[in-house]
Each structure stands twice: as C-alpha cells, then as structure tokens.
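If you read the sequence shown in UniProt numbering, its first letter stands for residue 1, the second for the next number, and so on.
Have a look at the structure below before the remarks.
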Amino acid sequence: MFRRKAEIPAECRDTQKEQEEVDKSTPQLAKVLTGQHAGITGLDFHPTKYQIVSSSTDGTLGLWSIKPNTRAFRMVGHRDAALCVRFSAEGHILASGSRDKTIRMWIPSSRAESMAIQAHTAAVSSIDFSLDTTIFCSGSHDKSIKIWDGQQFKFLQSFTGHNHWVRSVRFSPDSKTVVSAGHDNTIKLWSVKEKSILYSIESFGGTVNHAQFHPSGNYIAAAIDDGSIKVWDVRKSFQLVQLYRVHDGPVNQLDFHPSGSLLISVSDDKTIKIMDAANGELIYTLYGHERPVRQIQFAPTGLFFATAGADDRILLWKNGSRPTC
1 MFRRKAEIPA ECRDTQKEQE EVDKSTPQLA KVLTGQHAGI TGLDFHPTKY QIVSSSTDGT
61 LGLWSIKPNT RAFRMVGHRD AALCVRFSAE GHILASGSRD KTIRMWIPSS RAESMAIQAH
121 TAAVSSIDFS LDTTIFCSGS HDKSIKIWDG QQFKFLQSFT GHNHWVRSVR FSPDSKTVVS
181 AGHDNTIKLW SVKEKSILYS IESFGGTVNH AQFHPSGNYI AAAIDDGSIK VWDVRKSFQL
241 VQLYRVHDGP VNQLDFHPSG SLLISVSDDK TIKIMDAANG ELIYTLYGHE RPVRQIQFAP
301 TGLFFATAGA DDRILLWKNG SRPTC
C-alpha cells in the first residue's frame, strides 16, 4: 500500500493555529442525490453555499442543495456530454466543458443563463479557476491546455506538449502554475507567467486520470490507471515521496482535505479510500456505489465530501470534525 513516508504535514506543524487530531471516526453517508439519469462526470461544491453542481453524460448540469427536502435544478445548454464543471472561487460563475468542444459560462443565481465559448477542437475534459478568478484554464482531448480571462472570457494563451488527451487541469494554490494529467501517461507542470513547461514526469503506470495539488502547493498527487496513487515533492524536482496501492482497479480521481491531512481517492473498483497523508496509512474503505466511482470532491469546509460516478448517483458523506491546519 505505502512505500515511502513524506513529511507532507510540515506546513501544518509550522502554523500558529491550534492543532487538532484528525478525526478518524467513520464518515457517515448523509444524503443520496438522485435525478440525473446518466453517468456523472464532474462535481464541485459552491464555496459558500450548501450547493453541489454536477455534470453528466446526457449534456446537463444539476444544481443540488444539501439541505433536506430540496430538489435539483437542471441546467441545459450543451449539445453533447458535459464532462466537467467548476465554480469560480467566489461562486458567482460556474464553467462547464463538453464533448461538443465548448465551454459554457453560467450564472448560478439565474440557473438558466449561459454563454458558450468555442474553446477547443475536441472535447473539453477539465476546467479550473484561479483563486482570484482573474483567469481560468481548460484541458482538452485536442491535447492542449488553454488559459482564459476570467472576466471577459477571452483566450489568453495555450500550452502544448501532451501527445494524447489531457485528462485534468488544476491551478496551484497561488495560481502561478497549472498541473495537467494526460492520457499519454505523463504529468506536466506549466508556468502561467513564463508561458512555458517546468516539468514533465512519466507515471510509469499508464494513463494519469487526475492530478491535484496539496493545499500547501508543495506536493502533487496523481490518480493512475494501474490502480496506484503517486505523490511528488515539487520543491525537490518532482521527487517521488509516496506510493499507494490501495485499489483493485484504475484510480479515477482524488482530492486532499482542505487542511492537507487526508487524501481520498475513488476507483473503478467501486470503493472510496481515505488515507492519512502524513504517514500513508489507509484509514477507511467506504462502499456505497454500485458501479465505478469517477468523482470525489471535498467541501471547502472539509466537513463533507461527495462522490459520484457511473451509477448516476451522488453520495454526500459527513466527514466528522474538520482537521485544523
């Protein structure tokens, strides 16, 4: 399961905030959200409201409330499968990407208004906003990553270097770099300011389905098709510091707890794995999905996380008391 130990939580030890033990009590299933009648391809929590947005292979988005006795609002606009969706940092805008090659910008408060951007020459597989929402990025099956103006929605620059589909893109916490994961078995790190590639790392495990920064910005974790999860130290020229083998199928996505204390992953093996990011310990294996699990997302507070996938359901889990960092 775990090959090396990394001192990922060093940033937590350096903080002046009060320290708490990570609550390792079993997460509880809080709510099952149903209503989208096709596979769910993307998830995101609103940064300040009790809302979740999802994208689906039927081309729609679902805007869900976590509160009891509420129904989802269906958002229609894409002409083909919607593959990804993200809220802006303030939650005033959300962006979705589709197999129809467009990005749609939505105003969640209006629930229906959207504007299409002719973004790529192939499916748009991933989107992310910078922390200040001044820019956003998109990754595509056309092998490119594009940077866009977050206010005017205009194209700014493009990164090329992947030899196959780009599966995911994510900004670093300081928004100075973008990490991309590719179907070409590589992870690439790009400088937004210098408009250049900084690193390209071979996964040695097949397609990289997702790559994610640790909240400190010092580490990158990758979900790999061979069932492994790898973590690299960006400060040390991408030194491999952790290797997890906890799944029996391709790892589709992962996410760090906002404190950086926990790492959660989901897989085609229908399971959800929760790991201690400090020592590599597998804490819990969760079950609940009937088909491959493709999405995992922590709420900004860390109190909840949501999982979704091919069984057309979103499972909302209560994570217990939030680890403080």
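Glycine included, C-beta positions come from ideal geometry on N, C-alpha and C.
Here the structure is a predicted model, which is why all the values come from computation and not from measurement.
In chain order, what residues of the same chain lie with their CB nearer than 8 Å to the CB of GLU113, ignoring the 5 residues before and after it?
-> TRP106, ILE107
Would you kindly check if the distance between the Cβ of LEU33 and the Cβ of ALA72 is under 8 Å?
-> yes
3 or more residues per run - each beta strand (DSSP E) lying fully within the stretch 226 to 265 | 229 to 233, 239 to 244, 251 to 256
Can you have a look at LYS143 and say buried or exposed, based on whether 16 or more other CB atoms are within 10 angstroms of its CB?
-> buried
Alpha carbon of GLY62 to alpha carbon of ILE314, nearest angstrom = 11 Å
Is ILE103 closer than 8 Å to ILE127 when the C-beta atoms are compared?
-> yes
If you run the structure through DSSP and keep just helix, strand and coil, what is ALA222?
-> strand
How many Å lie between ASN319 and GLN253 at the Cα?
-> 18 Å
Specify the secondary structure class of SER25 as computed by DSSP and reduced to three states.
-> coil
Would residue 326 pass as a contact of ASP276 if the rule is Cβ separation under 8 Å?
-> This structure does not reach residue 326, given that the chain is present from 1 up to 325, and the question cannot be answered.
By DSSP, does ARG104 sit in helix, in strand, or in coil?
-> strand
Work out the CA separation of PHE238 and GLY161 for me, nearest whole Å.
-> 18 Å
Provide the residue span of the beta strand (DSSP E) that contains ALA95, from first to last.
-> 94 to 98
Taking ASN185 as part of the beta strand (DSSP E), name the residues at either end of that continuous run.
-> No beta strand (DSSP E) contains ASN185, which DSSP labels as neither H nor E.
Kindly indicate the opening and closing residues of the beta strand (DSSP E) around LYS176.
-> First-last for LYS176: undefined, no H or E at that position.
Could you spell out where the beta strand (DSSP E) holding GLN157 opens and where it closes?
-> 155 to 160
Just the C-alpha distance for GLY150 and VAL234, rounded to the nearest angstrom, thanks.
-> 27 Å
Give every residue of the same chain whose Cβ lies closer than 6 Å to the Cβ of residue 393, excluding the five residues on either side of it in the sequence, and list them in chain order.
-> Coverage of the chain is limited to positions 1 through 325, which leaves residue 393 absent and any answer about it impossible.
Cα-Cα separation, GLU21 to PRO258 | With a pLDDT of only 45 at GLU21, under the threshold of 50, the placement of this residue in the model should not be trusted, and no figure is reported.
Mind checking whether ILE201 and ILE224 have CB atoms under 8 Å apart?
-> no
Taking Cβ positions, are SER98 and GLY59 nearer each other than 8 Å?
-> yes
Let me know the secondary structure DSSP gives THR34 once reduced to three states.
-> coil
Taking the alpha-carbon positions, what's the THR41 to GLN242 distance?
-> 27 Å
Test item: CB-CB of ALA30 and ASP312 under 8 Å | no
What residues in its chain sit with their C-beta under 8 Å from that of TYR219, if we drop five residues either side in the sequence?
-> ALA6, ILE8, PHE213, VAL231, TRP232, ASP233, VAL234, VAL241
Flag this pair as yes or no: are the beta carbons of ALA181 and ALA222 separated by less than 8 Å?
-> yes
Have a look at GLN16 and SER216 and give me their C-alpha separation to the nearest angstrom.
-> Reliability of the predicted coordinates at GLN16 is poor, the pLDDT of 32 falling under 50, and the value obtained from them is presented with this limitation in mind. Each residue's alpha carbon lies about 15 Å from the other.
Can you give me the start and stop residues for the beta strand (DSSP E) that TRP64 sits inside?
-> 61 to 65
Expected contact under 8 Å - CB spacing of VAL246 and LYS273 to nearest Å | 5 Å
For ASN209 versus ARG170, is the C-beta spacing smaller than 8 Å?
-> no
Going by DSSP, name the residue or residues bridged to VAL53.
-> ASP44, LEU63
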